[in-house]
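Note that the numbering used here has the sequence shown beginning at 77, numbered continuously upward.
Don't be surprised by glycine CBs; every beta carbon is placed ideally from N, CA and C.
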Amino acid sequence: MPLVIPKEIPAFKILKQSVFVMDTKRAFTQDIRTLEILIINLMPTKIQTENQLLSLLANSALQINLSFLSTQSYVGKNTPISHIEKFYQGLDDFKNKRFDGAIVTGAPVEQMEFEDVKYWEELKEIFTYLKNNVTSTIYICWGAMAALYHFYNIKKHNLTEKCFGVFTHKIHNKDLILSNTDEIIKMPHSRYSYVDETELNACKELKILLKSDEAGVALLRDKKDIFILGHLEYDKDTLDLEYKRDLANNTKTQKAKNYYDENNEILFTWRSSANTIFSNWLNYDVYQSTPFVL
Numbered sequence: 077m078p079l080v081i082p083k084e085i086p087a088f089k090i091l092k093q094s095v096f097v098m099d100t101k102r103a104f105t106q107d108i109r110t111l112e113i114l115i116i117n118l119m120p121t122k123i124q125t126e127n128q129l130l131s132l133l134a135n136s137a138l139q140i141n142l143s144f145l146s147t148q149s150y151v152g153k154n155t156p157i158s159h160i161e162k163f164y165q166g167l168d169d170f171k172n173k174r175f176d177g178a179i180v181t182g183a184p185v186e187q188m189e190f191e192d193v194k195y196w197e198e199l200k201e202i203f204t205y206l207k208n209n210v211t212s213t214i215y216i217c218w219g220a221m222a223a224l225y226h227f228y229n230i231k232k233h234n235l236t237e238k239c240f241g242v243f244t245h246k247i248h249n250k251d252l253i254l255s256n257t258d259e260i261i262k263m264p265h266s267r268y269s270y271v272d273e274t275e276l277n278a279c280k281e282l283k284i285l286l287k288s289d290e291a292g293v294a295l296l297r298d299k300k301d302i303f304i305l306g307h308l309e310y311d312k313d314t315l316d317l318e319y320k321r322d323l324a325n326n327t328k329t330q331k332a333k334n335y336y337d338e339n340n341e342i343l344f345t346w347r348s349s350a351n352t353i354f355s356n357w358l359n360y361d362v363y364q365s366t367p368f369v370l
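Spelled out as structure tokens, the structure:
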């Protein structure tokens with residue numbers, strides 16, 4: 077939540093450069109209401125992903141009402157159909173509704189061409205709906221690559237080896253979504269693709285916020301939306317479970333880098349950054365920007 081202080085106090089000008097402050101006049105005229113957030117869950121293990129995202133959103137002091145959307149042209153088999161029927165709706169159910177914020181998850185299809193994904197045409201409709209009816213959207217991993225391709229024609233490129241582990245990132249450009257984070261931010265990655273930094277820099281609408289020497293660009297934004305190429309939402313054991321799953325499926329894989337200590341115990345090193353970034357998004361990009369009457 078913002079700090080409310082008189083605009084004339086010297087600290088106002090100094091603090092405004094790094095954190096969000098609100099002058100007294102604006103604070104007294106603000107209307108406050110519950111935020112409407114839409115989650116577009118493309119993961120086959122929907123319940124696990126719900127738990128991860130909701131635990132981050134719950135850290136905000138803001139009141140949030142959640143809605144869930146899943147694709148209708150393809151329904152995965154890893155979530156009970158009773159759960160989907162009870163909690164999820166399709167795009168047609170939201171056509172006449174607007175949202176303050178939205179989150180689009182990743183999906184385990186990144187080695188496929190976008191056009192070969194079974195629900196690609198439906199997803200393009202969803203992306204267009206989000207652009208026109210949501211104040212700000214976070215796109216995660218494959219969801220971010222798909223959105224960058226749809227909106228800016230930025231292609232994904234295959235990696236020769238899976239980017240898998242927890243990597244350190246430095247702030248490339250300052251932004252309110254990075255307020256109160258450390259200068260070094262750790263983030264899990266689990267992907268077979270990347271987006272080229274040169275192509276991103278050539279797009280004037282995009283601003284790179286976080287970069288890693290090992291994992292490349294990890295966080296960027298345009299005027300209203302956020303693109304996260306890693307997985308800040310991951311639980312402590314998610315990478316470990318993915319590694320064991322790949323071994324069980326005889327998939328060629330490597331242990332996650334920078335994830336285990338010398339005793340092979342998991343180091344949970346990204347949670348505080350994840351909480352801060354998601355809370356900042358809810359405050360600055362959603363709550364402070366959304367209209368009172370949707």
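Check: N208 in three-state terms, based on DSSP; Outcome: helix
Check: Unbroken alpha helix (DSSP H) run spanning L276, endpoints; Outcome: E273 to N277
Check: Rounded distance between the beta-carbons of Y225 and F303, thought under 8 Å; Outcome: About 11 Å separates the two Cβ atoms, so there is no contact after all.
Check: Where A183 falls, given that 16 or more other Cβ within 10 Å makes a residue buried; Outcome: buried
Check: Extent of the continuous alpha helix (DSSP H) to which F354 belongs; Outcome: R347 to N356
Check: C-alpha gap between H233 and S136, whole angstroms; Outcome: 35 Å
Check: Minimum C-alpha distance to Y270 - residue among F190, N172, K173 and A291; Outcome: A291
Check: Cβ-based neighbour list, E318, same chain, cut-off 7 Å, excluding 5 preceding and 5 following; Outcome: S266
Check: Cβ distance (whole Å) where I160 is taken to contact V151 below 8 Å; Outcome: 7 Å
Check: Simplified DSSP state of Y336, which is helix, strand or coil; Outcome: strand
Check: Those residues which DSSP pairs with M56 across a bridge; Outcome: Not covered by the structure: residue 56. The range shown for the chain is 77 to 370.
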